[in-house]
Amino acid sequence: MAHLPNLIIDLAIILGTAAVTTLLFKWLKQPLVLGYILAGVLVGPKFSLFPTISDPATIRIWADIGVIVLLFSLGLEFNIKKLVKVGGTASMTGVIEISAMVLLGYLTGMCLGWSTMDSIFLGGIVCISSTTIIIRAFDELGIKTQQFAGIVFGILVIEDIVAVLLLVLLSTLAVSKQFFSAEMLVAIMKLAFFLVIWFLGGIFLVPSLLRSGRKFITDETLLIISLALCLLMVVFATSVGFSPALGAFIMGSILAGTIYAERIEHLLTSIKDLFGAVFFVSVGMLIDPALLVEYAGPIAIVTLVVILGKSIFVTLGALVVGQPLKQSIQTGMSLAQIGEFSFIIATLGLNLKVTSGFLYPIAVAVSALTAFTTPYMIKASGPLCTWVESKLSPRTKLFLTAYSSGAQTIGSVSDWYQLLREHIQIIIVNTAVILGIILLASRWLMPLVSAEIISSPGADILTGFLSILLMAPFLWALVLKRINRPVYTRLWTERRAYRGPLVTLAIARGVIGLGLVLLLLQQFFSVSLLLFVVVVLTGGWLVLGKRLPLIYELIEKRFLVNLNSRQIYQENRMGRNLLPWDAHLSYFEVNAESPGVGSTLAELALREKYGVNVISIARGSVTMLVPGRNERLFPGDKIAVIGTDKQLEHFISLIEPAKKEKVQTTTAQEISLQKIAVDESFPYIDQSIRNSGIREKTQGLIVGIERKGTRILNPDSTTFFLPGDVIWLAGNTKLIKEFQRENRLRTMQ
């Protein structure tokens, strides 16, 4: 009889047990992750009734690969542009919730008598919600089109980013044993620097690489290339002192901005499921059932801390940033659980040997309990909101309504804010690129030149000049590039007092550039050669100075093309928060069996019957913004619709008679909903909607007006604009912004 390696026997035991437990949990309508964890407990060393795996070390290696694949796939769902689209509401709510939960988790651990390190790791464990559990619950409850879901998905994006950063910071903390220390400051600065370099370099190089070989890319080659890029980034991240998980997440987020993101996600699904199953089974293998019984009290306490803490702090955070009470409570109760990132953080503490053995099983037990309660928490959010509103006084209700409306009104962005933001952006980006060039040249290029081409000191000089050539366009942009000329000119001519700060900004950029040049000279050239180098640099600047802007423009253009290469929205786009009342933007696909197929918009009377507005119809490669009343609906049309949660639920029956997944992607990125304040810059005060011609000027549709606390949804075309109104205009983003810009310029003149 042939001898089988232990790995094959162990995998047979693991996958066989996992198959049974996951079928059971699927039948019970519970998260499959819990089935994997139960399978790990059954085949683990602490449970003797079932066969136990014989080589835990090898399984741990597979589990580590599972973490890498899991973080890589998570990064594929996170585009760098997605962070920009999250918006202030989700960002501020996420920051408030995470900060409060980290502190609450730490205090809970200290009150339970745990060590400082256990308490700190508990804070990290309880602050991250489970994306997998929330998406599953939303799918089963059919609420992904509701307004609060967009805020939830935005907060999950923020939490994912924070979780990856926590892995780095907790690792540093475990080594230094001090939270406020020089090592921690260096780790944060090092992390920020490498993140900027990796994202800039990755976005510039990876899409270009894929584009150059697109003729040869098949499903097989694309899978191999994407996994190779992932593992190369893992190796690189590890070599500079970061965790493999961080490298996998970064490469995933870089590939998420390419046109191949969806194909890679699809191709990676089976691999992610396999290695993910092994990872979660390994999570269960580390659980000692006896410890769960012994620490039943702390498990119950931490579970209550997660459920109550997240519900309260997310709700308060959403209220603070101006969300209505209903959406705030729904958002808070949806995020009341922990999940896969909590396992990874708990595993980190075990691997670094800085946390106690009981913390890991407690984290897993709390995750299991909160995963079970999540659907019930979401269902209970509506009745809870009704109960809370019944207990509030009329004065409190009026205050919350006024605060919500006031927090979402448009505020003008000052010229100084625009100018400072662009200066900071160009300083950070170009400084990071120049430092990256110097670092690569000194650590990699110079040893290579010295070994293969010429020995020192010639190698130093040659490497130095090559570095100067590479960094010259970025040095020009850092020191001399003009930023936002209209704003700069307006500030320069508006007041003499503004000229001093403007000159100071220019001098600051020059000083930073000079410091970087001196750093390079000190790195590669001796004191005796400095005069010669300065003369050569001066001559080179006179000869090539006029070409540097063109070179930088080409580099910048290629970067922007790569950054915007993916022209479809991510899944959480459909629930994006857009109005201070329940109306929001969602996307649907017209089925061939839909009752509305072949009918015109006028015949369907969507506004009259359902209260919704059709903002666009995407048909093939053509997108019609604000379609006319005589436009018909055809099978395969992708339509953007604005309405409340109840209106959209009623409208679905017309478009999707057989319940199907709503379309969550669209190529019509130019469509958005904008808020316009009727102030002195608004040219149509005391004019009707029809006479103003806004529809024709912006290819837009006015779907709402807020007036002195009163909300008018779907206003009639005879409605007049009054000072103090807030208009909600849906349509072509570019034309709407041009319309607003013209109004501001008209006021200044």
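Under UniProt numbering, the letters of the sequence shown match residues 1 to 749, in that order. Backbone N, C-alpha and C fix where the C-beta goes; we use that ideal spot for every residue, glycine too. Bear in mind that the values here come from a model prediction, so they are computed numbers and not experimental data.
In terms of Cα proximity to T218, the closest of S99, L246 and L267 is L267. Closest option to I135, judged by alpha-carbon separation, among L156, R629 and S115: L156. With respect to the C-alpha of L122, the residue from L112, T131 and S130 having the closest C-alpha is L112. Per DSSP, the beta-bridge partners of L625 are S616. The stretch 97-105 and the stretch 307-322 touch, with no fewer than 3 CB-CB distances between them shorter than 8 angstroms. Contact between F280 and I37 holds, since their C-beta atoms are separated by about 6 angstroms, short of 8 angstroms. DSSP places E294 in the uninterrupted alpha helix (DSSP H) bounded by P289 to E294. In this structure, L604 sits away from N732, with a CB-CB distance that is not shorter than 8 angstroms.
Secondary structure at Q687: coil, using DSSP grouped into helix, strand and coil. In the DSSP assignment, K26 falls within the alpha helix (DSSP H) that extends over N6 to W27.
Judged by DSSP in its simplified three-state form, I254 adopts helix.
The stretch 157-217 is shown to contain whole alpha helix (DSSP H) runs of 4 or more residues at 182-212, in chain order.
Bounds of the alpha helix (DSSP H) holding N351 are E340 to N351.
Close CB contacts of G436 within its chain, under the 6 angstroms cut and outside five residues either way in sequence, are with I197 (chain order). Per the DSSP secondary-structure output, N630 pairs with nothing in a beta bridge. Secondary structure at R707: strand, using DSSP grouped into helix, strand and coil. Taking C-beta atoms under 8 angstroms as the contact rule, V206 and L255 qualify, at a distance of about 7 angstroms.
The criterion of a C-beta distance shorter than 8 angstroms is satisfied by S450 and A459. Look at W416 here: in three-state DSSP terms it is helix. The C-alpha of A228 lies about 10 angstroms from the C-alpha of M251. With respect to A318, T493 sits apart: the two C-beta atoms are not nearer than 8 angstroms.
Taking C-beta separations shorter than 6 angstroms and ignoring five residues to either side along the sequence, the partners of G276 in its chain run G66 and L70, following chain order. According to the DSSP secondary-structure assignment, F720 is paired through a beta bridge with S688. Linking L445 to I438 through their CA atoms gives a straight-line distance of about 10 angstroms. Contact check for L292 against P361 passes: the beta carbons are separated by less than 8 angstroms. CA-CA distance, I685 to L722, rounds to 6 angstroms. Residue state for K734 is assigned as helix, using DSSP reduced to three classes. Note on geometry: alpha-carbon atoms of F651 and L223 lie some 40 angstroms from one another.
In terms of Cα proximity to I271, the closest of E608, L554 and A63 is A63.
The alpha-carbon of L554 is positioned some 14 angstroms away from that of K546. V612 and G636 do not touch by the CB rule: their CB atoms are close to 20 angstroms apart, not below 8 angstroms. Going by beta carbons, V41 and G284 fall inside the 8 angstroms limit.
Non-local C-beta neighbours of V305 in its own chain, meaning closer than 8 angstroms and more than five positions away in sequence, comprise L104, G105, T108 and V126, ordered along the chain. Distances from the alpha-carbon of F343 to those of P324, S367 and V354 put S367 closest. Taking every protein chain shown into account, the CB of P447 has fewer than 16 other CB atoms within 10 angstroms, so this residue is exposed. In the DSSP assignment, no residue is bridged to W62.
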